[in-house]
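Residue numbers (our numbering), protein chains in the order written: chain R, 117 to 380; chain A, 72 to 620; chain H, 75 to 397. Yeah, the Cβ is synthetic: ideal placement off N, Cα and C, and Gly gets one too. Quick notes on the structure that follows.
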């Protein structure tokens, strides 16, 4: 364990806790509109102030943690899933399978990822599910390359030959032996991916095609904060801070894991 | 749709004011003094630049193709129509000096101004009007304005400065359609208007001459010293494109922009500082449009008029005006703005009354049997989705407020915000919606045939809620076939009454336009239609001028 | 070498096919039509007018015909004309590309100038307080949401202190300035956007550099060099640095798409007319030819970037033979 992992984990766990216990922690109903208390500054009653419909910002931030983390985690889950499958197929079978998949990876890598996400999200309907799917579908290439490289080096090892000799199926070899052994670098890439996905969600919200209201996400609170900037600093400051700290946390954690892997 | 406050510059005879005041004095003295005053009053300084900040960028400067507000704003500075609206929103001559309508309303004769020059020095004549008309009805051209002009049966050039327009049947919105900007024949006759360099370097007759356009940055215009209503005082007009609202506001705060529109929040809460008081002047007046929630009338739940009326009682429009517009606007009761002569002032808006709403819903057969707070009828829950377009914060907030109020009477409303293009083609055109939250921008003529007539319900047409009422159908036809103002007033007042009673839309609000201008600009006057009609008279005293050249 | 480049260029052809098919699919799975923007939502626009517009654009043809048409024009480097303003797509893109590439070029230089030394010094002082502090510092840059940082800086530096312009690329009086003043003017406008994008990009390069350097420092020849009694300075700057720097070239090649694509947000915020904004605007108005054009040109630039990176990598590293 190094210090990067520790500090990263503390941040990550803190926000995971917020997300998990949101209903217990939020002082108000995040959807409760109060026209007479629009954009009131932070006070004892509303610790982080209220938004442009008079809703309690703290409660919205706490529930927003759920959405933002969910988007990050599921998007990355999808990308890891696709990346691991395609990467291990390419690495294990080699030849034309490998060539085909890797050319596909090359093609996908040629696109500015954010453009691709932007195009698809804007052209489909924005919404939590679409956002998660599209971030996932456009960001698996790194994982695929990692897995392929690991498997290429693993599959020539003795224990794989032994497995083959006793007649284990390809599926069993890939899922029981190759993938688990290649998991380290994937874990790093997944951790960093969560952070990236959270940033992408906030960028999409900025462009108005992120998570849809009335569901609060950090990204759409931030983008509302932008439009009321100057009248309500808290609407810009707090969501920005939350995104910042969380992304930092995941990055530190990922770097920590990477360093540990390098050492062993 | 965002609307620019600064629309079309108009003419104003400033001298009349000074002469009026002095009519009791001895004639000769009057004359001398008036001459003196004339000098004093008109001694506004020429020069300086106005920097207008806008989120949108014009798409084309070919006026008959321009359908977005940015293109309209710039075209309005460069071109003129035959007619225009004055300070009090009356039609008045622009390129036409005068006009006459025959008694049966079928013929209009326009007498064109003589001696008007295009910016390139060619004279403006009837040929240009004919050319513009022919392009408007040319099916090969992507103009959205053909609708009003295909009603014209015959177009005749009588002489170089007279044209005659003949309609097949009386068509009262016809006159106002001639506010359409006129294009130069000599430059465009052999051009394909869909694909011409003119769209990025237009030549008009208007108060400002096109100079340059840096895509994504700015458009620069310079004043036309030979403008037929007099040389505009402000020497240069720069239209800066700043795509983000927050950045635009920061630029205003840094005085990088002189003129822009504010959001209600910016108007009320962000421009109260000493800095803004000292350096800027804010305006507010009703915009030409209203926001509504339209129901899909094919939906059996909404086909029942009592349900629609119940929703009208359940939603507090004053609350929306307070919360969303911060009181900068008014509740709407119908499809006209309150200033219009077509607006029926006898209609009293329903009070916010959830009990009455409950009662009406009960009469319609809706009640909460399982106690989950949502009403049921025949085993189905009252749950629907309202869709609105992305990029409009006010509509988003309005939807969220309505959502809460409807929950209060046991109706579950979901919100879906959809990007504009998809919104129109997949949902509106195909009638795939329960309810829509939208706004209509209004033209000054109250003709609403396209929105309410029962024949206009095909895919892509504008009666997408599927409203059908034979009396309204008849009245709408009557309204566009007569020129008599009293007659039309009666017709539209009745239409207003029926629409409010039947509630095919939940009429929500008429927002205010909220322009802000730098204080150094003098001579800005607010008319019924807002500011900007006398733009060519705006000026900056020499010692306050900021941009020198 | 020339043979290698030639072979690589040939192998780009199937990739390009892949690219065009993906772009075409992405666009056409989408609902919405370009005609919606043209006509907006105007009761004065008749249905016939909309149909007329659709026909003019060729949108009534079947999809594969549209693709074939497009491909045929592509072969002649004709990207067609924009649906929005009828201007050639190439012209619209070539107006925007210099701005985006220019800004990114400056910020890449900045990133290298700052990021490489940070990476090296961190690696040399591995696991010290300095190393940890630098790690946190560069990740602060990465983790700050662009919007947030930009707005805060614009408000502070542009409005409150008034020392730099808030947004845009040039002053209104730009045309009348002398050459030197012009350069000054543009530089002043670029300070904030370049800072924001460079700060965000610092983490990538410096971390990569650090990892490389750490690995290089563990290599046998470094141990040998140390054993020979060379000074630490000599070991690091003469032997280790060169080898650790090489892979950076590849990273630069790979980061081309990010350079073009990552700019949407700050171009909108700073109202800079670059590729990012062009792309966003064309997506929003369903301007198919421009969307296709930007994606294809972006992809081609990436391919060329990768090739260039591989070639220069081989040129500087004698161990690598291009076959």
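Could you check if residue 373/A belongs to the surroundings of the ligand MG, using beta carbon to heavy atom distance under 7 Å? With respect to small molecules bound, the structure shown includes none, and the ligand MG cannot be examined in it.
Are any of the Cβ atoms in chain H nearer than 8 Å to that of residue 490/A? The residue labelled residue 490/A in the question sits at position 419 within the second chain. Closer than 8 Å: yes.
With respect to the beta strand (DSSP E) encompassing residue 456/A, which residues constitute its N-terminal and C-terminal limits? Your numbering for residue 456/A matches position 385 in the second chain. Here the beta strand (DSSP E) through residue 456/A covers 454 to 460.
Identify the residues that DSSP records as bridge partners of residue 162/H: which are they? Along the third chain, one-based indexing puts residue 162/H at 88. Answer by DSSP bridge pairing, in chain order: 155/H.
Please list the terminal residues of the continuous beta strand (DSSP E) segment that includes residue 168/A. Along the second chain, one-based indexing puts residue 168/A at 97. That run of the beta strand (DSSP E) goes 167 to 172.
Can you tell me whether residue 348/R is helix, strand or coil according to DSSP? One-based indexing of the first chain puts residue 348/R at position 232. Residue 348/R: coil per DSSP, three-state reduction.
Would DSSP call residue 361/A helix, strand or coil? Working through the second chain from its first residue, we reach residue 361/A at position 290. Three-state result, residue 361/A: strand.
Sort out for me which residues DSSP pairs residue 285/A with in a bridge. Position 214 of the second chain holds residue 285/A. Paired residue(s): 289/A.
Have a look at residue 361/H and residue 246/R and give me their C-alpha separation to the nearest angstrom. Within the third chain, residue 361/H is the residue found at index 287, counting from 1. Within the first chain, residue 246/R is the residue found at index 130, counting from 1. Each residue's Cα considered, the two are about 22 Å apart.
Can you say whether residue 85/H is buried or exposed, counting buried as having 16 or more other CB atoms within 10 angstroms of its CB? Locating residue 85/H in the third chain gives position 11, counting from the first residue. That one is exposed.
Go to residue 307/A, then tell me how far its beta strand (DSSP E) extends in each direction, as first and last residue. Walking along the second chain from the start, residue 307/A turns up at place 236. Start and end: 307 to 312.
Closest residue to residue 274/A among 144/A, 610/A and 193/A (Cα-Cα distance): Looking up residue 274/A in the second chain gives position 203. Measuring from the Cα of residue 274/A, the nearest candidate turns out to be 193/A.
Going by the DSSP bridge assignment, what does residue 227/A pair with across the sheet? In the second chain, counting from the first residue as 1, residue 227/A sits at position 156. Answer is 235/A.
Could one say the Cβ of residue 164/R lies closer than 8 Å to chain A's Cβ atoms, at least one of them? Counting from 1 along the first chain, the entry for residue 164/R is found at position 48. Closer than 8 Å: no.
Of all the residues that make up the region 344 to 372 of chain R, which are near chain H by a beta-carbon distance shorter than 9 Å? 345, 346, 352, 353, 355, 356, 357, 359, 360, 361, 362, 363, 364, 365, 366, 367, 368 and 371
Please determine, among 336/A, 549/A, 185/A and 265/A, the residue with the shortest C-alpha to C-alpha distance to residue 348/R. Position 232 of the first chain, counted from the first residue, corresponds to residue 348/R. Out of 336/A, 549/A, 185/A and 265/A, 336/A has the C-alpha closest to the C-alpha of residue 348/R.
Please list, in chain order, all residues of the same chain as residue 436/A whose beta carbon is under 6 Å from its beta carbon, the five residues on each side excluded. Numbered from 1 along the second chain, position 365 holds the residue referred to as residue 436/A. Cβ neighbours of residue 436/A beyond the five flanking positions: 448.
In the structure shown, what three-state DSSP assignment does residue 524/A receive? Locating residue 524/A in the second chain gives position 453, counting from the first residue. Here residue 524/A sits in coil by DSSP.
Any beta carbon of chain C sitting closer than 8 Å to that of residue 471/A? This model lacks chain C altogether, as its protein chains are R, A and H.
Please state whether DSSP places residue 433/A in a helix, a strand or coil. Along the second chain, one-based indexing puts residue 433/A at 362. Helix at residue 433/A.
What's the C-alpha gap between residue 192/H and residue 296/H? Translated into the one-based positions of the third chain, residue 192/H becomes position 118. Translated into the one-based positions of the third chain, residue 296/H becomes position 222. In a straight line, the C-alpha of residue 192/H is about 20 Å away from that of residue 296/H.
Collapsed DSSP secondary structure at residue 615/A in the structure displayed: Position 544 of the second chain, counting from 1, holds the residue named residue 615/A. Residue 615/A falls in the helix class under three-state DSSP.
Validate contact between the region 197 to 210 of chain A and the region 315 to 331 of chain A using beta carbons, cut 8 Å, 3 pairs: no
Could you tell me the boundaries of the beta strand (DSSP E) in which residue 178/A lies? Taking the first residue of the second chain as position 1, residue 178/A is located at position 107. Looking at the DSSP string, the run of the beta strand (DSSP E) that includes residue 178/A is 178 to 183.
Residue 228/A versus residue 179/A - alpha carbon distance: Indexing the second chain from 1 puts residue 228/A at position 157. Indexing the second chain from 1 puts residue 179/A at position 108. Using only the alpha carbons, I get a separation of about 12 Å.
Kindly indicate which residue of 367/A, 310/A and 402/A has the alpha-carbon position closest to the one of residue 418/A. Reading the second chain from its first residue, position 347 is the one you call residue 418/A. If we check each option's Cα against that of residue 418/A, 402/A comes out closest.
Pick from 390/A, 154/A, 177/A and 176/A: whose alpha carbon is nearest that of residue 169/A? On the second chain, position 98 is the one that residue 169/A refers to. Measuring from the Cα of residue 169/A, the nearest candidate turns out to be 154/A.
Just the Cα atoms here: how many angstroms apart are residue 188/R and residue 359/R? Position 72 of the first chain, counted from the first residue, corresponds to residue 188/R. Position 243 of the first chain, counted from the first residue, corresponds to residue 359/R. Each residue's alpha carbon lies about 11 Å from the other.
What's the C-alpha gap between residue 270/H and residue 216/H? Here residue 270/H is taken as the residue at index 196 of the third chain, counted from 1. Here residue 216/H is taken as the residue at index 142 of the third chain, counted from 1. Each residue's alpha carbon lies about 10 Å from the other.
DSSP three-state call for residue 152/A: helix, strand or coil? By one-based count along the second chain, residue 152/A stands at place 81. Correct three-state label for residue 152/A: strand.
Should residue 351/H be flagged as near chain A, meaning a C-beta pair shorter than 8 Å? Within the third chain, residue 351/H is the residue found at index 277, counting from 1. It does; some Cβ of chain A falls within 8 Å.
In chain A, which residues lie with their C-beta within 7 Å of the C-beta of residue 169/H? As a working mapping, residue 169/H is identified with position 95 in the third chain. The contacting residues are 286.
Residue nearest to residue 615/A in terms of C-alpha spacing, selected from 358/A, 350/A and 218/A: One-based indexing of the second chain puts residue 615/A at position 544. Measuring from the Cα of residue 615/A, the nearest candidate turns out to be 350/A.
By the criterion of Cβ-Cβ separation under 7 Å, what are the contact partners of residue 322/R in chain H? For this step, residue 322/R is matched to residue 206 along the first chain. 221 and 339, listed in chain order.
Compare the C-beta of residue 468/A with all C-beta atoms of chain R and state if any pair is closer than 8 Å. In the second chain, counting from the first residue as 1, residue 468/A sits at position 397. True, the Cβ-Cβ gap to chain R drops below 8 Å.
Spell out whether any CB of chain H is found under 8 Å from the CB atom of residue 219/R. The sequence position of residue 219/R within the first chain is 103, counting from 1. At least one chain H Cβ lies under 8 Å of residue 219/R.
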